[in-house]
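In order, the protein sequence lines correspond to chains Y, R, U and L. All you need for our numbering is the position in the first sequence, starting with 1, plus 136. All you need for our numbering is the position in the second sequence, starting with 1, plus 136. All you need for our numbering is the position in the third sequence, starting with 1, plus 136. All you need for our numbering is the position in the fourth sequence, starting with 1, plus 136. This report refers to the structure that appears directly beneath it.
There are 4 protein chains.
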Amino acid sequence: MNITLEQAEKVIAAAKQKATAIDTKMNIAIVDAGANLLAFARMDGAWLGSLDISIKKAKTARYFDMNTGLIGELSQPGQSLYNIEHSNNGLITFPGGIPIKNAEDVIIGAIGVSGSTVENDHAVAEAGAAAI
Amino acid sequence: MNITLEQAEKVIAAAKQKATAIDTKMNIAIVDAGANLLAFARMDGAWLGSLDISIKKAKTARYFDMNTGLIGELSQPGQSLYNIEHSNNGLITFPGGIPIKNAEDVIIGAIGVSGSTVENDHAVAEAGAAAI
Amino acid sequence: MNITLEQAEKVIAAAKQKATAIDTKMNIAIVDAGANLLAFARMDGAWLGSLDISIKKAKTARYFDMNTGLIGELSQPGQSLYNIEHSNNGLITFPGGIPIKNAEDVIIGAIGVSGSTVENDHAVAEAGAAAI
Amino acid sequence: MNITLEQAEKVIAAAKQKATAIDTKMNIAIVDAGANLLAFARMDGAWLGSLDISIKKAKTARYFDMNTGLIGELSQPGQSLYNIEHSNNGLITFPGGIPIKNAEDVIIGAIGVSGSTVENDHAVAEAGAAAI
Numbered sequence: 137m138n139i140t141l142e143q144a145e146k147v148i149a150a151a152k153q154k155a156t157a158i159d160t161k162m163n164i165a166i167v168d169a170g171a172n173l174l175a176f177a178r179m180d181g182a183w184l185g186s187l188d189i190s191i192k193k194a195k196t197a198r199y200f201d202m203n204t205g206l207i208g209e210l211s212q213p214g215q216s217l218y219n220i221e222h223s224n225n226g227l228i229t230f231p232g233g234i235p236i237k238n239a240e241d242v243i244i245g246a247i248g249v250s251g252s253t254v255e256n257d258h259a260v261a262e263a264g265a266a267a268i
Numbered sequence: 137m138n139i140t141l142e143q144a145e146k147v148i149a150a151a152k153q154k155a156t157a158i159d160t161k162m163n164i165a166i167v168d169a170g171a172n173l174l175a176f177a178r179m180d181g182a183w184l185g186s187l188d189i190s191i192k193k194a195k196t197a198r199y200f201d202m203n204t205g206l207i208g209e210l211s212q213p214g215q216s217l218y219n220i221e222h223s224n225n226g227l228i229t230f231p232g233g234i235p236i237k238n239a240e241d242v243i244i245g246a247i248g249v250s251g252s253t254v255e256n257d258h259a260v261a262e263a264g265a266a267a268i
Numbered sequence: 137m138n139i140t141l142e143q144a145e146k147v148i149a150a151a152k153q154k155a156t157a158i159d160t161k162m163n164i165a166i167v168d169a170g171a172n173l174l175a176f177a178r179m180d181g182a183w184l185g186s187l188d189i190s191i192k193k194a195k196t197a198r199y200f201d202m203n204t205g206l207i208g209e210l211s212q213p214g215q216s217l218y219n220i221e222h223s224n225n226g227l228i229t230f231p232g233g234i235p236i237k238n239a240e241d242v243i244i245g246a247i248g249v250s251g252s253t254v255e256n257d258h259a260v261a262e263a264g265a266a267a268i
Numbered sequence: 137m138n139i140t141l142e143q144a145e146k147v148i149a150a151a152k153q154k155a156t157a158i159d160t161k162m163n164i165a166i167v168d169a170g171a172n173l174l175a176f177a178r179m180d181g182a183w184l185g186s187l188d189i190s191i192k193k194a195k196t197a198r199y200f201d202m203n204t205g206l207i208g209e210l211s212q213p214g215q216s217l218y219n220i221e222h223s224n225n226g227l228i229t230f231p232g233g234i235p236i237k238n239a240e241d242v243i244i245g246a247i248g249v250s251g252s253t254v255e256n257d258h259a260v261a262e263a264g265a266a267a268i
């Protein structure tokens, strides 16, 4: 089971709508089940540095099949996954990456959003993932 | 002058239409005037390895403001730019990357296409760039 | 459709058997449909430098769904894909990488073999892929 | 003294058995005395992101001839090896990497396991290393 480009475009459209609704400018990345980039959009005026972060968030969410923020809790100093970010050519472990599931609850890809506060990033990612 | 996301989406839509018309499955990447990824789409079933190539073609076209195939002629053994591909974390210098110009003939970004023969890649990139 | 670990282990066993039969020592890598490493074995005394080559061959075969040697013919100086090896963090485009298909002729992964002449590498890869 | 492929396959088989017994899906990597990958297996459904982590754990354990978790205690903020993870193209310093010793207590390689909690990762690595 793998996300299609048509599904990915729906996810990006929903994420862009949410981003506009909360007055933010986002980088939005979609990866497929193999964690490879499938679709991407950078809204006009969005931070350039968030380009790479959004892709890494999407990959991180699919690499471990969970929201990126959960990994970030475990990668803090003294926690069990401290400095896991050094793996896989760089993970991003703060909120904004979410697995995308199909109707049967199977993970078919992931979305990564970056461009504002992590709360806003997460909200936009959630709006995107909910479009499937 | 910089390409907008809306323009990039038009370019991708035109490129996808052309790709379908000639029965190919393409990776399509758009970079802005700063050579940074702006939008991307991988058609279902397109080669995975063409993901990176399409992005590198778009960057290469904007890095030097010319079609990628032209650079490839100069990077052959014995030519003036031999092995220029080693720069910029990897260039792709065969056809499929084209600068995108606005109505005033100013370069505002570039498109890179990969997924078939270089002739098909170039034709799809041209169809995309012509949408502006 | 994705190759399973059990299938990959059968592929490696068949490849090792062939390698021994022709008196070679091989690095054998299997990637899944997403081009991610699934299984690997380095025979005792095999070249260390072939470790990375075998993995890159397997990835290259899956990236473009064809034998690596075919790409190598097109990547020669003056050919259409000259210096494609600079993409995807390094391709290997001489023989030894082969897509793995299931009974329905669907590509489910790829094998990459390195450790001897490219003819021997290819023969061992073929023996491995034929085990499915 | 160097671990053989046959020994590495025994280690992987024991690790897989333990992983199944505690209902986990693991990435299992074995490196030799030179810290180079010797054998690898990713169990069906195991996290993709754990692929790289399991290899880095095995390398880290052999680089310093100790369990990875011990290094992680010293790499915390304020400790003597703070951020040692930046070296060697990325170390992983939480539990799951263990040196492999022969009957004479000589280190001949290392195992790295990733795919569950660090406690489970370590338990599976221990079961694997104990097979020699």
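Backbone N, C-alpha and C define an ideal beta-carbon position, used for all residues, glycine too. Keep in mind the model is a prediction, meaning the values are calculated, not measured.
Proximal residues of chain Y, C-beta to C-beta of residue i below 8 angstroms
{"i": "Ser216 (chain L)", "result": "Within chain Y, no residue comes near Ser216 (chain L); the closest Cβ sits about 14 angstroms away, beyond 8 angstroms."}
{"i": "Gln212 (chain L)", "result": "Pro213, Gly214, Tyr218"}
Rounded Cβ spacing between residue i and residue j (contact assumed at less than 8 angstroms)
{"i": "Ile228 (chain R)", "j": "Ile236 (chain R)", "result": "Not a contact, Cβ separation roughly 17 angstroms."}
{"i": "Gly170 (chain Y)", "j": "Gly170 (chain U)", "result": "2 angstroms"}
{"i": "Gly185 (chain R)", "j": "Asn224 (chain U)", "result": "5 angstroms"}
Proximity to residue i [Cα-Cα], best of the options
{"i": "Gly245 (chain L)", "options": "L:Gly264, L:Gln153, L:Asn163", "result": "L:Gly264"}
{"i": "Ser250 (chain Y)", "options": "Y:Thr140, Y:Lys152, Y:Gln143", "result": "Y:Lys152"}
{"i": "Lys192 (chain U)", "options": "U:Glu255, U:Met179, U:Ala165", "result": "U:Ala165"}
{"i": "Leu173 (chain R)", "options": "R:Val254, R:Met137, R:Leu141, R:Gly226", "result": "R:Leu141"}
{"i": "Phe176 (chain L)", "options": "U:Thr253, U:Ala144, U:Ala150, U:Ile268", "result": "U:Ala144"}
{"i": "Leu187 (chain R)", "options": "R:Asn224, R:Asp201, R:Ala149, R:Ser252", "result": "R:Ser252"}
{"i": "Trp183 (chain L)", "options": "Y:Asp201, Y:Ala194, Y:Gly185, Y:Lys195", "result": "Y:Asp201"}
Neighbour flag for residue i against chain A, beta carbons, 9 angstroms
{"i": "Ala171 (chain Y)", "result": "The structure shown has no chain A; the protein chains it does contain are Y, R, U and L."}
Contact list for residue i against chain Y, beta-carbon separation under 7 angstroms
{"i": "Asp180 (chain R)", "result": "Thr140, Leu141"}
{"i": "Glu116 (chain L)", "result": "This structure does not reach residue 116 (chain L), given that chain L is present from 137 up to 268, and the question cannot be answered."}
{"i": "Ser252 (chain L)", "result": "Going along chain Y, no residue has its Cβ under 7 angstroms from Ser252 (chain L), so there is no contact; the nearest lies around 11 angstroms."}
Length of the line joining the Cα atoms of residue i and residue j
{"i": "Val260 (chain Y)", "j": "Thr204 (chain Y)", "result": "14 angstroms"}
{"i": "Val167 (chain U)", "j": "Arg198 (chain U)", "result": "8 angstroms"}
{"i": "Pro231 (chain R)", "j": "Ser211 (chain L)", "result": "48 angstroms"}
{"i": "Glu160 (chain Y)", "j": "Ile243 (chain R)", "result": "One point to set straight first is that residue 160 (chain Y) is Thr, not Glu, in the sequence displayed. Straight-line Cα distance between these residues: approximately 27 angstroms."}
{"i": "Val254 (chain L)", "j": "Asn163 (chain L)", "result": "13 angstroms"}
{"i": "Leu217 (chain L)", "j": "Ser190 (chain L)", "result": "21 angstroms"}
{"i": "Val147 (chain L)", "j": "Ile139 (chain L)", "result": "10 angstroms"}
{"i": "Ala239 (chain Y)", "j": "Ala267 (chain Y)", "result": "11 angstroms"}
{"i": "His222 (chain L)", "j": "His222 (chain R)", "result": "25 angstroms"}
{"i": "Met179 (chain R)", "j": "Met179 (chain Y)", "result": "21 angstroms"}
{"i": "Pro213 (chain R)", "j": "Pro213 (chain U)", "result": "7 angstroms"}
{"i": "Thr156 (chain R)", "j": "Thr156 (chain Y)", "result": "32 angstroms"}
Proximal chain L residues relative to residue i, where beta-carbon distance stays under 8 angstroms
{"i": "Thr196 (chain Y)", "result": "Gly185"}
{"i": "Ser190 (chain Y)", "result": "Simply none; closest approach about 17 angstroms."}
{"i": "Ser201 (chain Y)", "result": "A small fix is needed here, since residue 201 (chain Y) is Asp in this sequence, not Ser. What Asp201 (chain Y) touches in chain L: Trp183."}
Chain L contact residues for residue i, given Cβ-Cβ distances below 7 angstroms
{"i": "Ala177 (chain U)", "result": "Leu141, Ala175"}
Heavy atom of the ligand FMN within 8 angstroms of residue i beta-carbon
{"i": "Gly226 (chain Y)", "result": "As presented, the structure is devoid of all ligands, the ligand FMN included, so that no description of it is given."}
8 angstroms Cβ shell around residue i - same chain, five flanking residues per side excluded
{"i": "Ile220 (chain U)", "result": "Ile207, Leu210, Ser211, Leu227, Thr229"}
{"i": "Gln215 (chain U)", "result": "Glu209"}
Contacts that residue i makes with chain U (C-beta to C-beta distance below 7 angstroms)
{"i": "Phe230 (chain R)", "result": "Ser216, Leu217, Tyr218"}
{"i": "Gly208 (chain R)", "result": "Tyr218"}
{"i": "Gly226 (chain R)", "result": "His222, Ser223"}
Residues of its chain near residue i, where Cβ-Cβ distance is below 6 angstroms and the 5 sequence neighbours each way are ignored
{"i": "Gly181 (chain U)", "result": "Lys161"}
{"i": "Lys154 (chain U)", "result": "Val260, Ala263"}
{"i": "Lys195 (chain L)", "result": "Val167, Ala171"}
{"i": "His258 (chain L)", "result": "Pro231, Gly232"}
{"i": "Ala150 (chain R)", "result": "Ala263, Gly264, Ala267"}
Residues of its chain near residue i, where Cβ-Cβ distance is below 7 angstroms and the 5 sequence neighbours each way are ignored
{"i": "Asn256 (chain Y)", "result": "Ile158, Thr160"}
{"i": "Met137 (chain U)", "result": "Ala169, Asn238, Val242, Ile244"}
Within chain R, the residues that residue i reaches when beta carbons sit closer than 7 angstroms
{"i": "Pro235 (chain U)", "result": "Here the premise fails: no neighbours, minimum Cβ distance about 11 angstroms."}
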